[in-house]
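Novice: One structure is given below, represented as structure tokens, and several questions about it will come after.
Numbering (this note's numbering), first residue to last: 1 to 100.
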């Protein structure tokens, strides 16, 4: 029969392989910061440019599979996908490359 320590090790390995353990750690970290955050001090509203920068960072993190880091950004009161303002190429002040 397996010992408690062996069962813990197998459970930890399984959760790590499935990606659940990292997600839980990131979520706990975000909740700890939320609990420590002073509710009496209101958060400043972000400018459109800052929201755009945050959105680009979030997309970069998700594109490169940094899902745990992205989950902390999203949990830190970053607007959810449904709530984000629509972003278009004009907001970036760059020209769109045409593939031929």
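By construction, the Cβ of each residue, glycine as well, lies at the ideal position given by its N, Cα and C atoms. Predicted, not measured: the structure shown is a model, and the values here were computed from it.
Rounded to whole angstroms, what is the Cα-Cα separation between residue 63 and residue 55?
Specialist: Using only the alpha carbons, I get a separation of about 12 Å.
Novice: For residue 82, which three-state DSSP category applies?
Specialist: Summary for residue 82: the model assigns pLDDT 45, below 50, so the residue's position carries little reliability, and this model does not support an answer.
Novice: Beta-carbon within less than 8 Å of residue 25's beta-carbon, same chain only, minus the 5 sequence neighbours each way: which residues are those?
Specialist: Counting only Cβ-Cβ distances below 8 Å, and skipping sequence neighbours, we find 68.
Novice: In three-state DSSP terms, what is residue 11?
Specialist: Residue 11: helix per DSSP, three-state reduction.
Novice: Should residue 45 be labelled buried (16 or more other beta-carbon atoms within 10 Å of its own) or exposed?
Specialist: So residue 45 ends up on the exposed side.
Novice: Taking residue 52 as part of the alpha helix (DSSP H), name the residues at either end of that continuous run.
Specialist: Unbroken alpha helix (DSSP H) run through residue 52: 48-63.
Novice: Flag this pair as yes or no: are the beta carbons of residue 4 and residue 30 separated by less than 8 Å?
Specialist: The answer is no: Cβ separation not under 8 Å.
Novice: Among the residues of its own chain, which have a CB less than 6 Å from the CB of residue 21, if the five just before and after it don't count?
Specialist: Cβ neighbours of residue 21 beyond the five flanking positions: 15.
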